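Protein chains in written order, with our numbering: chain G, 10 to 357; chain S, -18 to 288; chain H, 33 to 287. For reference, the structure discussed in these notes is given below.
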Amino acid sequence: MIVPLPRFKPLWIFLGILLLPWVIEGLLGRGWVRILDFALLSVLLAVGLNIVVGYAGLLDLGFIAFFGVGAYAYALLASPQFGLHWPLWAILPTGVLVAASFGVALGWPTLGLRGDYLAIVTMGFGEIIRVFLNNLTAPVNITNGPQGITMIDALHLGTWSFARPHRVLGLPLPALVGTYYLFLLFVLLALFLSRRLEYSRIGRAWMAIREDEIAAASMGLDTRRLKLLAYALGAVFGGVAGGLFAGFQGFVSPESFTLQESVMILCMVVLGGMGNLRGVVAGALLLAFLPEVLRPLGGWQQHWFHRVLIDPSTLRLLLFGVTLVVLMRWRPEGLLPSRARAREWHTS
Amino acid sequence: MVTFLQQVLNGLTLGCIYALVALGYTLVYGILELINFAHGDLVMIGALVSLSLVRILLGWGAPLPVALAGGLVGAMGACVLLGIALERLAYRPLRHAPKLAPLITAIGMSMVLEQSSALLWGRGYRSFPDLGLTHSLTLGGVLISPLQGVIVLGSLGLLGSLLWLIQRSALGRAMRATAQNPVAAQLQGIDTERMITLAFVIGAALAAVAGLMVGAYYQVAHYTMGFMLGLKAFTAAVLGGIGNLSGAVLGGILLGLLEALGAGYLGDWTGNLFGSNYKDVFSFATLILVLLFHPSGLLGRHAPEKV
Amino acid sequence: MSLLEARGISKHFGGVQALQNVYLTVEPASIVGLIGPNGAGKTTFFNVLTGVYVPDGGTLTFAGQPLPAGQPHRVARAGLVRTFQNIRVFPQMSVLENVMVGFHGRTRSGLLGAWFNGPAVRREEREIREGAQELLKWVGLQEMARRVASTLSYGAQRRLEIARALATSPRLLALDEPVAGMNGAERGHMAELILRIRAAGIALLVIEHDVRWIAQLCERITVLDHGQRLAEGTPAEIQDNPQVIEAYLGHGSHG
Chain G
10 MIVPLPRFKP LWIFLGILLL PWVIEGLLGR GWVRILDFAL LSVLLAVGLN
60 IVVGYAGLLD LGFIAFFGVG AYAYALLASP QFGLHWPLWA ILPTGVLVAA
110 SFGVALGWPT LGLRGDYLAI VTMGFGEIIR VFLNNLTAPV NITNGPQGIT
160 MIDALHLGTW SFARPHRVLG LPLPALVGTY YLFLLFVLLA LFLSRRLEYS
210 RIGRAWMAIR EDEIAAASMG LDTRRLKLLA YALGAVFGGV AGGLFAGFQG
260 FVSPESFTLQ ESVMILCMVV LGGMGNLRGV VAGALLLAFL PEVLRPLGGW
310 QQHWFHRVLI DPSTLRLLLF GVTLVVLMRW RPEGLLPSRA RAREWHTS
Chain S
-18 MVTFLQQVLN GLTLGCIYAL VALGYTLVYG ILELINFAHG DLVMIGALVS
32 LSLVRILLGW GAPLPVALAG GLVGAMGACV LLGIALERLA YRPLRHAPKL
82 APLITAIGMS MVLEQSSALL WGRGYRSFPD LGLTHSLTLG GVLISPLQGV
132 IVLGSLGLLG SLLWLIQRSA LGRAMRATAQ NPVAAQLQGI DTERMITLAF
182 VIGAALAAVA GLMVGAYYQV AHYTMGFMLG LKAFTAAVLG GIGNLSGAVL
232 GGILLGLLEA LGAGYLGDWT GNLFGSNYKD VFSFATLILV LLFHPSGLLG
282 RHAPEKV
Chain H
33 MSLLEARGIS KHFGGVQALQ NVYLTVEPAS IVGLIGPNGA GKTTFFNVLT
83 GVYVPDGGTL TFAGQPLPAG QPHRVARAGL VRTFQNIRVF PQMSVLENVM
133 VGFHGRTRSG LLGAWFNGPA VRREEREIRE GAQELLKWVG LQEMARRVAS
183 TLSYGAQRRL EIARALATSP RLLALDEPVA GMNGAERGHM AELILRIRAA
233 GIALLVIEHD VRWIAQLCER ITVLDHGQRL AEGTPAEIQD NPQVIEAYLG
283 HGSHG
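Here it is, written out as structure tokens:
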């Protein structure tokens, strides 16, 4: 069978994606390009979690741990913490290996568990990783505790640093826009790999396991190994996103890797529509931007009521919660569900 | 030995609170197979409401028992109302939706509850009024406060009578029937929707009690306190075998003991490499081990999957 | 040598003895019926056989090798595949995809294959697809290939389950009540399909209530009652066996 590649998009969509950071910088300012860069990392994470939750149907509430592992791998290999300054092309494969081994180490003993139990075990695992990040300071100071690791080397390829502006063909390329293109490259690669998997022998096996695990095993599918593969792959995507995050932000600390973050990524996947890449991308972008869109709430209150009635950050999270509830009530199958998921909902 | 007894007592106190909260998770899960993510936040609401009410009543010159009773009743009322609202608004409309949808609404409701509390009580820590119950007596070298006595005896009494009620009363039977097989229960004339509401009501009332206790015990309440507490209580419910009421109580008390003993001894065992700051690791690791060797939890029935 | 030999299989759940010392053999390319009243332990026996449950006692030998207990996927790969009483197709996948899943154990392409999608992988996919279409034609579902499995009729879903099982290239196909809820004409079609499968060299073990229907198909019948083997013999012997008649009449007759 010839794998259906993402349908050839009209040229203007492609151009739109390329020009997006310039438009955003022009209209909204540089801060929003930064937000856009972070949003791309969210997309990368959501696409990774989608392999676990959307394709293989495993509920993972500790996904952020792999992001954390990747971020700390980058931080330790490229910062004054140990005096190491590895290049990106060496760090990323290392991070991938580390994250994958964490995924296998957790998945190996636990993937036989029923769905809800798996959820709590992954949640516990996420918390365990965070506690270790917070406390691994003795006998050797590895993680530097709650202060985290600072002065991490900026993302760079050879002498090209993504933290500095450049000139390309005589045109100025701001650092944040350069980073956008780097992240975009990773996102496109992740989407491509995911898409190929979805329509492969392995993707089909995952879907069978999601639909009926016992029937799948009875047809000769090694369900445990296949689930482990989904798990490890998800971990790899998470680990890569973590490495990019550490290099982009310049510092990491345990508070970026809380359960709330795991939950947020899960929300991106479910809200957008599990199993459907377009939905997952939409969900990730929506949830990455929503808090930012709601940020100027204080200013609006000032404008309309001439004083701040409600603490803006509280109001922001409040509206966020309400949005989740309303969206799920309105479209429980997600915004852009995969065809199978939509059928599941409308036939039950 | 004395340290050991001290840790056991502290663990028991904490464990009783976990048990109260775990019961709420297990009641709802037993019937709906739903992880009520917002349950921990009801405990937080219980703590903050009782904190405010006790403060107000004491300010009016009410004697301590009256103030406490007032705080408890108020907290229970608030939590029960919220519990019912939660079920009606967030869970009932999604009864037949894909499995993860209610989980997302639950997370949304949890955020709504937390942020509303931040609006009402502020984002800072609120200190609980001094009840004068924390002056410890020494019993064979072990420090015990009257408050600990009240928490342990009160919650054990409450849990005991509740378990007895659910085992013995007609209403309890109807609830258990609903949990076992909702369709059959409905055919027997049991109003299953009412049973579901009842599960939320009982869970919420217990959460209110736990809220008051945990607030008084740590003498502080905060709008995010429900999260970790809820996570631990859910862990306790799974440890005991989720859906099993006695299991939730056992799991809660065990988890409390494990944590206290782990916090007390982890450092000694590992040459101070892992101190009490690893106590959460200790409890989650125990949970993972239990699930590996006895996947249905300690008291959960190991039912073969229907094929 | 027998294809399947089950010796002294026992299984209990808590205090309930679901199977007690059950013996059963299946010869290569033969059809064996497994009958008995409701709750006699027929499906439990299937579950033990196919690795869903681990037996408490007894041995299972398949083609001279012990069957791996409690590992359904390895049982299937050894060549013993089943269908389910309460139909378990993958409901939201297409009919064709359902059958393609059956080829999983016989194909190899992995992660890198999926990503690079080279000529070998594309050829394998094409072969799986053509094989699946072939099997669908064989069971008479070729027109339905693109439909979502859950939208098929009851009888068609049963045939889909059989096509999916055949895709694993089994030596023994175990069918759990293949004609339950079917009318006379559909039963005839199923009997015809079963005979065709046997003609292709595949042995069948068939659970059924309807003694008359099964008797016209198979060489030997085993009767289970209360988890024990009540009788074993040719269809004629079984239909004349007073104990079997008693067991069936005593439980309310099904056939």
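For glycine and all other residues, C-beta sits at the position ideal for the given N, C-alpha and C. Since the structure is predicted, the reported quantities are computational estimates derived from the model, not experimental observations.
Check	Outcome
For residue 40 of chain H, three-class secondary structure by DSSP	strand
Residue 3 of chain G (DSSP reduced to helix, strand or coil)	Residue 3 of chain G lies beyond the stretch modelled for chain G, which goes from 10 to 357, so this question has no answer here.
As assigned by DSSP and simplified to three states, the class of residue 269 of chain G	helix
Min CB distance residue 330 of chain G to chain S below 8 Å	yes
From G/154, G/59, G/140, residue whose alpha carbon lies closest to that of residue 146 of chain G	G/154
7 Å Cβ cut-off: residues of chain G touching residue 147 of chain H	202, 205
Under the three-state DSSP convention, the category residue 89 of chain H falls into	strand
Selection from G/233, G/199, G/77 that minimises the alpha carbon distance to residue 289 of chain G	G/199
7 Å Cβ cut-off: residues of chain H touching residue 220 of chain G	122, 123, 124, 125
Helix, strand or coil at residue 94 of chain H [DSSP, three-state]	strand
C-beta neighbour in chain H for residue 63 of chain G, strict 8 Å	no
Three-state class that DSSP yields for residue 205 of chain S in the structure shown	coil
Close beta carbons around residue 88 of chain H, own chain, < 7 Å, minus the five adjacent residues each side	42, 43, 44
Interface residues of chain H facing residue 110 of chain G [CB-CB closer than 7 Å]	Those within 7 Å of residue 110 of chain G in chain H number zero; the least Cβ separation is about 16 Å.
Buried versus exposed, by CB contacts within 10 Å (16 or more), residue 33 of chain H	exposed
Rounded straight-line distance, which links the Cα of residue 35 of chain H to that of residue 96 of chain H	7 Å
Contact set between the stretch 79 to 90 of chain S and chain G, restricted to residues whose Cβ is under 7 Å from the partner	79, 81, 82, 85, 86, 88, 89, 90
Paired residues, beta bridge with residue 277 of chain H - DSSP	According to DSSP, which records beta bridges pairwise, residue 277 of chain H is partnered with nothing at all.
Residue ranges of each beta strand (DSSP E) within the stretch 175 to 214 of chain H, 3 or longer	204 to 208
Which of helix, strand or coil DSSP assigns to residue 220 of chain G	helix
Of the residues S/109, S/212, S/281, the one placed nearest residue 236 of chain S, counting alpha carbons only	S/212
CB contact below 8 Å: residue 136 of chain H versus chain G	yes
is_contact[residue 261 of chain S, chain G] using C-beta, thresh 8 Å	yes
For residue 114 of chain H, the residue or residues it bridges with in DSSP	H/206
Whether residue 247 of chain H touches residue 274 of chain H by CB criterion (8 Å)	no
Short CB-CB distance (under 8 Å) between residue 104 of chain H and chain G	yes
Strand pairing of residue 205 of chain G, partner residues [DSSP]	In DSSP, residue 205 of chain G forms no bridge with anything.
Test: residue 143 of chain H CB closer than 8 Å to a CB of chain G	yes
Nearest-angstrom Cα separation, counted from residue 90 of chain S out to residue 260 of chain H	54 Å
Secondary structure of residue 61 of chain G, DSSP reduced to three states	helix
Any C-beta of chain A under 8 Å from that of residue 210 of chain G	The structure shown contains no chain A; its protein chains are G, S and H.
Paired residues, beta bridge with residue 229 of chain H - DSSP	None; residue 229 of chain H has no bridge partner.
Chain-ordered neighbours of residue 337 of chain G on chain S, where CB pairs are closer than 8 Å	75, 78, 82, 83, 85, 86, 89
Contact with chain G by residue 206 of chain S, beta-carbon distance below 8 Å	no
In DSSP terms, what residue 88 of chain G is bridged to	G/93
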